[in-house]
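Peer 1: Residues -8 to 420 (the numbering used here) are what the sequence shown spells out, left to right.
Where a beta carbon is used, it is the ideal one built from N, C-alpha and C, also for glycine.
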Amino acid sequence: MATTTTRRTPATHVDDVHDALPAWPVLALLWGFPVFWLLGATVIAGVALTVVMLSYLVHHRATRLVPGVYAFTAFVVWVVPCAVMIDSTERMLGYTYRFSILVIVGTAFVYTISAGSRLTRRAIVDGLTAVWVFTVVGGILGLLFPETRLTTPIGLLLPDALTGNDYVRDLFFPPFAEVQQPFGSPVEFVRPSAPFPYANSWGVAIVLLTPVAIACFLQARSRLPRVVVAVGLVAMIAPALSTSNRGMFAGLALAAVYVVVRLTIRDRAAPVLAIGVLGAIGAAVLVGNGLLNQIRTRQQYGDSSGTRWSLYQETFERSLQSPLLGYGAPRPSTSEPLISAGTQGYVWMLMFSFGFVGLAFFLTFLWGTTLRTWRAPGDVDLVLHSVLVVASVIIAIYGLDIMQMLSIMLVAAVLLRRRHGLDTAGTRD
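(1) Could you check whether Leu232 and Gln395 sit closer than 8 Å to each other, using their CB atoms as the reference points?
(2) Nearest to Arg257 by CA position, among Asp117, Phe27, Met83 and Gly369, is which residue?
(3) From the DSSP secondary-structure annotation, give me the bridge partner or partners of Phe180.
(4) Answer yes or no: do Ser377 and Ala246 have a C-beta to C-beta separation smaller than 8 Å?
(5) Looking at Gly118 and Ala21, is the spacing between their C-beta atoms short of 8 Å?
(6) Is the stretch 329 to 338 close to the stretch 302 to 310, with three or more CB pairs under 8 Å?
(7) When you compare only the Cα positions, how much space is there between Leu341 and Ser213?
(8) Note the first and the last residue of the continuous alpha helix (DSSP H) segment covering Pro150.
(9) My understanding is that Ala206 touches Val348, with C-beta atoms under 8 Å, so please give their C-beta distance in whole angstroms.
(10) Provide the residue(s) that pair with Pro323 in DSSP beta bridges, ordered along the chain.
(11) Hey, how far is the Cα of Leu30 from the Cα of Leu254?
(12) Leaving aside the five residues before and after Leu406 along the sequence, list all residues of the same chain whose C-beta is less than 8 Å from its C-beta, in chain order.
(13) Under 8 Å by Cβ, that's how I've got Ala121 and Ala14 pegged, so tell me the actual separation to the nearest angstrom.
(14) Using three-state DSSP, classify Pro188 as helix, strand or coil.
(15) With a floor of 4 residues, list each alpha helix (DSSP H) that falls wholly inside the stretch 57 to 91, ordered by position along the chain.
(16) According to the neighbour-count rule (16 or more other Cβ atoms, all chains shown, within 10 Å of its Cβ), is Asp157 buried or exposed?
(17) Using 8 Å for Cβ pairs, my map puts Leu391 next to Gly346. What's the rounded Cβ distance?
(18) Can you name, in chain order, every residue of its own chain whose Cβ lies under 7 Å from the Cβ of Arg55, other than the five neighbours on each side?
(19) Determine the DSSP secondary structure at Arg113, reduced to helix, strand or coil.
(20) Taking just the CA atoms, how far does Pro328 sit from Leu148?
(21) May I ask you to report which of helix, strand or coil DSSP gives Arg140?
(22) With distances taken from CA atoms, which of Thr143, Ala11, Arg112 and Met239 is nearest Ala387?
(23) Tell me whether Ala(-7) is buried or exposed, calling it buried when 16 or more other Cβ atoms sit within 10 Å of its Cβ.
(24) Beta-carbon separation of Ala168 and Pro188 under 8 Å?
(25) Output needed for Trp358: all residues of its chain with C-beta closer than 8 Å, excluding positions within five of it in sequence on either side, in chain order.
(26) Taking buried to mean at least 16 other C-beta atoms within 10 Å of its own C-beta, is Pro150 buried or exposed?
(27) With 16 as the cutoff for other CB atoms within 10 Å, does Ala53 come out buried or exposed?
(28) Does DSSP classify Pro166 as helix, strand or coil?
(29) Is the CB-CB distance between Pro165 and Ala185 below 8 Å?
(30) Starting from the Cα of Thr33, find the closest Cα among Arg89, Leu132, Phe356 and Ala211 and give me that residue.
(31) Is the CB of Pro186 under 8 Å away from at least one CB in chain D?
(32) Taking 7 Å as the limit between beta carbons, can you name the residues of its chain near Leu40, skipping five residues before and five after?
(33) So is Pro321 buried or exposed if we call it buried at 16+ other beta carbons inside 10 Å?
(34) With DSSP as the reference, label Phe230 as helix, strand or coil.
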């Protein structure tokens, strides 16, 4: 940064320090996701960019600590000693993978809060919307090529001992779709999953990122991003319908209802009417294309609700036997050999793997941040806040992978930064 003879005030100096943090490390995590996925290097690239972000934070001494950062930091620190509970090399690899994700998203969270005018709300929303567009494209690819698996360069470098594990194989040789035909079912279910390993992961990404895409539409200054979002909303109907994911549709409905109620309280008739009409049209299209029949068929032949509830009970009871440090990672169920306890929802994974203390730290972060930023004064902030509201609910049912976690953390960072008056982009954003 060029020096001047003008004497700086302390406030100006603080702004200069944070404005010195470049936007590209965080934006590379988002815009680079398609490339990282094709290479099988999403987490590896995330670790590399984390080193870059930490270097910038240390070099410029620009770290900002606000409520929310403390709870998440305490959570990550607590996860470290939980590693002593790992009982096998395979589970240690899983622990390392999950811990790496926490470090990546936690660093991006702090970096975004600490950044100045270079990393704006607009830039974050646009980047997350790009991830949403790629998710929709992946869903369409899953419909067109359901039997295809991506062969990644990183996956080819891994030894057979690792790729023989189903979880590792799905991470580094991800399928485009889950093709399922439960016993007795007259039809085959093609559930798109690309660019994620599992169909439920695709559904969670859609739930968390669709409100961000709407926020992108609202803040757009030109026609192109609005057209892209509108086309994406139409294009995602077919893969979303194919997943017949009840939780996904419930999450989208919850986000819409939350925004409508908040706008109604603010006496904003036009947006409420627009959302209501679009919601009614969307529901009619889904029902007209057989959504209810698909859900009924899956419930009849492949519904796992009973298994899920028994796993919840087992997870809780086994967690009581190791309440502080948990078990470090999910372990095979004693009643369902093909399923692991601690895998049927992020809350249950946290409880089982990192004990009730780890769970408490994470919920303190997520729920505390959701409450702390609830005012969300503008329409864009309000739509973004619905992401935190929905995330606070769906983690009881669904897991979170790196991009889903990153979406939550970046939205939280943007809202916290604006809540504490740290957004130097301010009204330009």
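Peer 2: So, from the listed chains and residues:
(1) Residue mapping note: residue 395 aligns to position 404 of the sequence shown, counting from 1. Residue mapping note: residue 232 aligns to position 241 of the sequence shown, counting from 1. Taking C-beta atoms as the reference points, Gln395 and Leu232 fail to come closer than 8 Å.
(2) Your numbering for residue 257 matches position 266 in the sequence shown. Residue Gly369 is the option with its Cα nearest to Arg257.
(3) Looking up residue 180 in the sequence shown gives position 189. Note: Phe180 sits in a beta bridge opposite Gln171.
(4) Residue numbering aside, residue 377 sits at position 386 when the sequence shown is read from its first letter. Residue numbering aside, residue 246 sits at position 255 when the sequence shown is read from its first letter. Yes, Cβ-Cβ distance for Ser377 and Ala246 is below 8 Å.
(5) On the sequence shown, position 30 is the one that residue 21 refers to. On the sequence shown, position 127 is the one that residue 118 refers to. Inspection of the sequence shows that residue 21 is occupied by Leu rather than by Ala. Going by C-beta atoms, Leu21 is nearer than 8 Å to Gly118.
(6) Using a C-beta cut-off of 8 Å, the stretch 329 to 338 makes contact with the stretch 302 to 310, since at least three inter-stretch Cβ pairs fall below that distance.
(7) Here residue 341 corresponds to residue number 350 of the sequence shown, with the count starting at 1. Here residue 213 corresponds to residue number 222 of the sequence shown, with the count starting at 1. Straight-line Cα distance between these residues: approximately 42 Å.
(8) In the sequence shown, the residue the question calls residue 150 occupies position 159. Element bounds for Pro150: n/a, residue is neither H nor E.
(9) Along the sequence shown, one-based indexing puts residue 206 at 215. Along the sequence shown, one-based indexing puts residue 348 at 357. Rounded, the Cβ-Cβ distance is 34 Å, inconsistent with contact.
(10) Translated into the one-based positions of the sequence shown, residue 323 becomes position 332. Beta-bridge analysis with DSSP links Pro323 to Ser331.
(11) To locate residue 30, count along the sequence shown from 1; it is residue 39. To locate residue 254, count along the sequence shown from 1; it is residue 263. One C-alpha to the other measures close to 43 Å.
(12) Sequence index remark: in the sequence shown, residue 406 carries index 415 (1-based). Within the same chain, Leu406 has close Cβ partners Thr360, Thr364, Ala367, Asp372, Leu375, His376 and Leu379.
(13) For the purposes of this step, residue 121 is identified with residue 130 of the sequence shown, where counting begins at 1. For the purposes of this step, residue 14 is identified with residue 23 of the sequence shown, where counting begins at 1. No, Ala121 and Ala14 are not in contact; Cβ-Cβ is about 14 Å, not under 8 Å.
(14) The count along the sequence shown starts at 1 and reaches residue 188 at position 197. Pro188 carries a coil assignment under DSSP once its states are collapsed to helix, strand and coil.
(15) Whole alpha helix (DSSP H) segments, 4+ residues: 60 to 70.
(16) Within the sequence shown, the letter at position 166 stands for residue 157. Taking a 10 Å sphere around the C-beta of Asp157, we find fewer than 16 other C-beta atoms and assign the residue as exposed.
(17) Here residue 391 refers to the residue found at position 400 when the sequence shown is read from its first residue. Here residue 346 refers to the residue found at position 355 when the sequence shown is read from its first residue. A Cβ-Cβ separation of about 18 Å leaves Leu391 out of contact with Gly346 under the 8 Å criterion.
(18) To locate residue 55, count along the sequence shown from 1; it is residue 64. Sequence-distant partners of Arg55 (beyond 5 residues in either direction) whose C-beta falls short of 7 Å from its own C-beta, in its chain, are Ile104, Ser105 and Leu413.
(19) Taking the first residue of the sequence shown as 1, we reach residue 113 at position 122. Under the three-state reduction of DSSP, Arg113 is assigned to helix.
(20) Along the sequence shown, read from residue 1 onward, the residue named residue 148 stands at position 157. Along the sequence shown, read from residue 1 onward, the residue named residue 328 stands at position 337. For Leu148 and Pro328, the distance between alpha carbons rounds to 30 Å.
(21) Taking the sequence shown and counting its residues from 1, one reaches residue 140 at position 149. Arg140: strand per DSSP, three-state reduction.
(22) In the sequence shown, the residue the question calls residue 387 occupies position 396. Among Thr143, Ala11, Arg112 and Met239, the Cα nearest to that of Ala387 belongs to Met239.
(23) Working through the sequence shown from its first residue, we reach residue -7 at position 2. The predicted model places Ala(-7) with a pLDDT of 37, which falls under 50 and marks its position as unreliable; any figure quoted below should be read in that light. Exposed is the call here.
(24) Along the sequence shown, one-based indexing puts residue 168 at 177. Along the sequence shown, one-based indexing puts residue 188 at 197. At a Cβ-Cβ threshold of 8 Å, Ala168 and Pro188 do not count as neighbours.
(25) Here residue 358 refers to the residue found at position 367 of the sequence shown. Closer than 8 Å at Cβ, skipping near neighbours: Ser383.
(26) Position 159 of the sequence shown holds residue 150. Exposed, by the Cβ-count rule.
(27) Working through the sequence shown from its first residue, we reach residue 53 at position 62. Buried, because 16 or more other Cβ atoms sit within 10 Å of the Cβ of Ala53.
(28) Position 175 of the sequence shown, counting from 1, holds the residue named residue 166. In the structure shown, Pro166 sits in a strand (DSSP, three-state: E or B).
(29) For this step, residue 165 is matched to residue 174 along the sequence shown. For this step, residue 185 is matched to residue 194 along the sequence shown. Result yes, Cβ atoms of Pro165 and Ala185 sit closer than 8 Å.
(30) Here residue 33 is taken as the residue at index 42 of the sequence shown, counted from 1. Comparing Cα positions, the closest option is Arg89.
(31) Of the chains in the structure shown, none is chain D; there is only one protein chain.
(32) Translated into positions along the sequence shown, residue 40 becomes position 49. Cβ within range, chain order: Pro16, Ala19 and Leu20.
(33) For the purposes of this step, residue 321 is taken as the residue at position 330 of the sequence shown. Here Pro321 is buried. Its C-beta has 16 or more other C-beta atoms within 10 Å.
(34) Position 239 of the sequence shown, counted from the start, is the residue given in the question as residue 230. According to the sequence displayed, residue 230 carries Pro and not Phe. In the three-state reduction of the DSSP assignment, Pro230 falls in the helix class.
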